[in-house]
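In terms of numbering that gives the first Met the number 0, the sequence shown is residues 0 to 351. Using N, Cα and C, we set each Cβ at its ideal position, and we do this for glycine too.
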Amino acid sequence: MTEHLSSPLGAEKCINLRMVESLSVQKSGTEKPLITATPFIPIDPRRIPTRQWLYGFHMIRGNASATIAPGGIGKSSLLIAEALAIATGRPLLGIQPDGRANVWIWNGEDPRDELERRVTGAMLHHSIDPREISGRLFLDSGREQELIIAETSRSGTQVIRPLEERMVQELISKQIGLFTVDPFVSSHRVTENDNNAIDIVVKTWARIAQRAKCAVELVHHVRKTNGTEVTVEDGRGASALLAAVRSARVLKQMTTEEAKEAGVENRKAFFKVEIGKANLSLPPDKAKWFMLSSVNLGNGPPDASQMLGDNVGVVGRWTWPSALDGLTVSDLLAVQRRIHEGQWREDIRSSA
């Protein structure tokens, strides 16, 4: 028998026998078929449940979405402000959440004390009473609790099933509406450029979101763009991440040209958020803009100046300036009156 299997012909015969055995088992009905076609049954469209949007048209229950941005632009601070908006049910950044929901922030890079500084700074900036988020905000650091949902070994990419089950249980028991994974790369140990592996990881997070009926937000870094405009396609590593999420958005720092047009000095304190591909970009005055501000926590020595305390960056809404800013009703009436007078030159080159 050993000699028979050691030959190429014997091995091939053995494989064929196993295939026949598999087919025989399926035909006998003792095991569920690998896949079957499910017929579509038309239903009344009024009975189809609406999409469960949680925040704007980006975060949606039962799905994974992605935030893609360069380092240092403010993506973590943005996610904290959005989480607080969802926990309080208030439009802190100009977007009204669809009701209140519990949120869970998991950050794989920063220690807990730094995360607490950021959340506290955002609460001070947006005037949030601690009682508003009591029992609604959960905060964890990857330095204390790792979150490796999948890894690649010699046998291939494997999902850590016990952790997946635990995640679903915890999300349901805490009634979490939004769970953020910041950054996505800290939630797995697979090759970033392997499309098959990344597809497995992202779809695992999507499956968790579906089972727990929550939104999962994956925060992802971008690759080097050599100075060109960043798009959602510039996410680092495999493109499977972009293909597998329900929605993807990109954070873009204000350009020199935009800063000049808007009349701002420190352009690096401003960024805009765009959802979708580059050809869907909005003009600057139509995009959603945000501004980074510095908040002092006042945690310095009691007998020292307050400015000796820690400063943290927080995100707030910023509106692109209008051409009419600074004009009064009297100014507009004066312009209207001059137009009605009709005393203007037919050609700019003619004399007054």
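Counting along the chain, E145 sits inside no beta strand (DSSP E), nor does DSSP assign it H or E at all. In the structure shown, I79 adopts helical secondary structure according to DSSP, grouped into three states. The Cβ atoms of V231 and A214 lie no closer than 7 Å to each other.
Contact between G107 and P182 is confirmed by a C-beta separation of about 6 Å, below the 8 Å threshold. Between M166 and G73, the alpha-carbon positions lie close to 27 Å from each other. Contact check for K287 against V272 passes: the beta carbons are separated by less than 7 Å. Secondary structure of A68 (DSSP, three-state): strand. According to the DSSP assignment, E164 belongs to no beta strand (DSSP E) but to the alpha helix (DSSP H) extending over 160-172. Between A86 and L33, the alpha-carbon positions lie close to 42 Å from each other. Contact check for G299 against L291 fails: the beta carbons are separated by 7 Å or more. Secondary structure note for M122: its alpha helix (DSSP H) is the uninterrupted segment 111-124. With fewer than three CB-CB distances shorter than 8 Å, the region 200-215 does not count as touching the region 131-139. Between V314 and L77, the C-beta spacing is below 7 Å. Excluding five sequence positions before and after R117, the CB atoms of its chain that fall closer than 6 Å to its own CB belong to I79, V311, given in chain order.
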